[in-house]
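Number of protein chains: 2
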Amino acid sequence: MRLLLVEDDRLLAEGLASQLEKAGFSVDVTRTAKEAVILGEQEDYKAGVLDLGLPDGNGLDVLRKWRSSKAIFPVLILTARGDWQDKVNGLKAGADDYLAKPFQTEELIARLNAIMRRSEGRVQSSVKAGRFELDENRQCLKVDDGTERSLTGTEFRLLRCLMGRPGHIFSKEQLMEQLYNLNESPNENIIEAYIRRLRKLVGPETIATRRGQGYLFNDAV
Amino acid sequence: MRLLLVEDDRLLAEGLASQLEKAGFSVDVTRTAKEAVILGEQEDYKAGVLDLGLPDGNGLDVLRKWRSSKAIFPVLILTARGDWQDKVNGLKAGADDYLAKPFQTEELIARLNAIMRRSEGRVQSSVKAGRFELDENRQCLKVDDGTERSLTGTEFRLLRCLMGRPGHIFSKEQLMEQLYNLNESPNENIIEAYIRRLRKLVGPETIATRRGQGYLFNDAV
DNA sequence: CATTAACCTGAACTCTTTCTGAAAATCTGG
DNA sequence: CCAGATTTTCAGAAAGAGTTCAGGTTAATG
Chain A
-6 MRLLLVEDDR LLAEGLASQL EKAGFSVDVT RTAKEAVILG EQEDYKAGVL
44 DLGLPDGNGL DVLRKWRSSK AIFPVLILTA RGDWQDKVNG LKAGADDYLA
94 KPFQTEELIA RLNAIMRRSE GRVQSSVKAG RFELDENRQC LKVDDGTERS
144 LTGTEFRLLR CLMGRPGHIF SKEQLMEQLY NLNESPNENI IEAYIRRLRK
194 LVGPETIATR RGQGYLFNDA V
Chain B
-6 MRLLLVEDDR LLAEGLASQL EKAGFSVDVT RTAKEAVILG EQEDYKAGVL
44 DLGLPDGNGL DVLRKWRSSK AIFPVLILTA RGDWQDKVNG LKAGADDYLA
94 KPFQTEELIA RLNAIMRRSE GRVQSSVKAG RFELDENRQC LKVDDGTERS
144 LTGTEFRLLR CLMGRPGHIF SKEQLMEQLY NLNESPNENI IEAYIRRLRK
194 LVGPETIATR RGQGYLFNDA V
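Heads up: the protein sequence lines correspond to chains A and B, in order.
The working numbering puts the last residue of the first sequence at 214; the count rises by one with no breaks.
The working numbering puts the last residue of the second sequence at 214; the count rises by one with no breaks.
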């Protein structure tokens, strides 16, 4: 799950980014409205966090530009405490949720997960596919037979991507995009390596290869 | 499905071409308006992607020349962001769709498929003929009895060509043109070889030979 | 009915993509 | 700074897709 954090305050941005990453997201950070608009349109984010107070423009304009282009990912806006006007305007401009500063990172993460679930039409905080269930809170994989296995961060992110849309073919490039942000670009073989690890967990049949196209999660077992 | 990409920026062109090829198209790329006009008139493309900003002429002129000749394939134009004038002029000049830069390749592919479907009078993203159905997203072949078989890239492209017009005779030369771009020119026996493979999938009766003329997909089974 | 060109067929070959196991590098908590 | 866990890289093996080839069949033609 890749997301975009638009935050002017460098310190806050870094702190948030690292916590979000710990929570299983890959995060791109930008400090300017200009860059935010471009990134939002070009990259494939699953959600955005937008601070309204930016040095080079109003955050609401960023949001409006996203909404008038094809950038349709859900957006959570950060407002100064008690600034009701911002909140109302933000929701009008197409925001999906808001959070007043100061806030606890836990709450931000919870709300982010919520708007992402909503935008995918999910209700629960877990992803089910075939015999498996992915627990978003505990980052672990449950099998039908009651067994359970905890996942490393990368294992979890990759599996969530695949299980989020069983039967759909994800190319290696797409998976790279969801797993890593703009600053990271490991060897593409990393996907193969992790697919291999996941297959050891869910069985080789469950993740199918479509040579030249990509990988898919097979929920028919 | 062969298509023509007219794009000045070499880097963008290469990236797009490789992704389009991954999506099952065979792509010719040109950087100049002059060559674009000639190729469009001479070759048999199923669609065109036209960047309006070209070094040696206006993309709209290319489009007009195509339209005034027999080049009637659907065309998607790429415009600079928010350039409404270009967009309007483009549609006036006969474009079938437009996309503002920057864009995601997925969207370009989706729109391309859409204008191609429209130009063939199709609505769904699958081709049906006889007992068979070709799923464009998953590159697989479904049979009436519920079975399903995924196809390799070349198998898929060839079958799509034949199934796209059941009963119509395609010469080997035509099939070669649809399967390969100007830079590739394998032995013509390759068509025979693939026809054989397809017959193993759909049954020998389903693809008929018209000796000296070509092959056709027989949807009466 | 002999000739010829077109087509079919199976296998071999090449090239690319993916798999695999292990080692190296990096990160993290103590 | 160390120890363990995790992430990343590497290089060779394996598998798969694309292509070619040689020889066998078939259909058209005079």
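Beta carbons: idealized from backbone N, C-alpha and C, even for Gly.
Remember, it's a predicted structure, so these values are computed and weren't measured experimentally.
Per the C-alpha coordinates, the member of N51(B), L32(B), I65(B) positioned closest to L(-3)(B) is L32(B).
Excluding its 5 nearest sequence neighbours in each direction, D1(A) has C-beta neighbours in its own chain below 7 Å: R24, D44, G46, L47, P48, listed in chain order. When the five nearest sequence neighbours on each side are left out, the beta carbons in the same chain lying within less than 8 Å of the beta carbon of R3(A) are those of R24, in order along the chain. The shortest CA-to-CA distance from A88(B) to any of L69(B), Q167(B), M169(B) is the one to L69(B).
Non-local C-beta neighbours of L194(B) in its own chain, meaning closer than 7 Å and more than five positions away in sequence, comprise L134, R142, ordered along the chain. Distances from the alpha-carbon of K121(A) to those of V30(A), E7(A), N211(A) put N211(A) closest. The Cβ atoms of T202(B) and G123(B) lie no closer than 8 Å to each other. Cβ neighbours of P159(B) within its own chain (closer than 8 Å, five residues either side excluded): A122, G123, L209, F210, N211, D212. The contact set of D37(A) on chain B, defined by CB atoms closer than 8 Å, consists of Q97, E99 in chain order. T145(B) has its alpha-carbon roughly 48 Å from the corresponding atom of G83(A).
Counting only unbroken stretches of 3 or more residues, the beta strand (DSSP E) elements lying wholly within the stretch 13 to 77 of chain B are 19 to 23, 40 to 44, 68 to 72, in sequence order. Around the beta carbon of K39(B), 16 or more other beta carbons lie within 10 angstroms, which makes this residue buried. Within the stretch 6 to 33 of chain A, contact with chain B at the beta-carbon level (separation under 8 Å) is assigned to I31.
The beta carbons of L71(A) and L92(A) sit closer together than 8 Å.
Going by DSSP, Y187(B) is part of the alpha helix (DSSP H) stretching over 182 to 195. Taking the CA atoms as reference points, I102(A) sits about 16 Å from V22(A).
Between the beta-carbon of E34(A) and that of P95(B) there is about 5 Å, and that keeps the pair under the 8 Å contact cut.
Distance from the CA atom of V136(B) to the CA atom of K165(B), rounded to whole angstroms, is 26 Å. The beta carbon of A107(B) is closer than 8 Å to those of D90 in its chain, skipping five residues each way along the sequence.
Look at A201(A) here: in three-state DSSP terms it is strand.
In the DSSP annotation of this structure, the continuous segment of the alpha helix (DSSP H) that includes L155(A) starts and ends at 146 to 156.
In this chain, the beta strand (DSSP E) harbouring R142(B) covers 141 to 143. Residues of the stretch 131 to 144 of chain B with a C-beta less than 7 Å from any C-beta of chain A: R131, Q132, S143, listed in chain order. Rounded to the nearest whole angstrom, the C-alpha separation of L168(B) and E28(B) is 23 Å.
In the DSSP assignment, K165(A) falls within the alpha helix (DSSP H) that extends over 165 to 172.
Within the stretch 79 to 95 of chain B, the residues whose Cβ lies closer than 8 Å to any Cβ of chain A are, in chain order, A93, P95. The three-state reading of DSSP puts S118(A) in coil, since its state is none of H, G, I, E or B. For G205(A), the chain B residues whose Cβ falls inside 8 Å of its Cβ are K15, T145, G146, in order along the chain. Its Cα nearest to that of F149(A), the residue I184(A) stands out among N51(A), K80(A), G139(A), I184(A). In the three-state reduction of the DSSP assignment, A107(A) falls in the helix class, which pools H, G and I. Nearest CB-CB separation between I200(A) and chain B: not below the 8 Å threshold.
Under the three-state reduction of DSSP output, G207(B) falls in the strand class. Just so you know, the alpha carbons of A26(B) and E14(B) end up roughly 22 Å apart. Apart from sequence neighbours up to five positions away, the residues of its chain that approach L175(B) with a beta-carbon distance below 6 Å are D21, ordered along the chain.
Flagged as an interface residue toward chain B: I162(A), by a C-beta distance shorter than 8 Å. For A93(A), the enclosing beta strand (DSSP E) stretches over residues 90 to 93.
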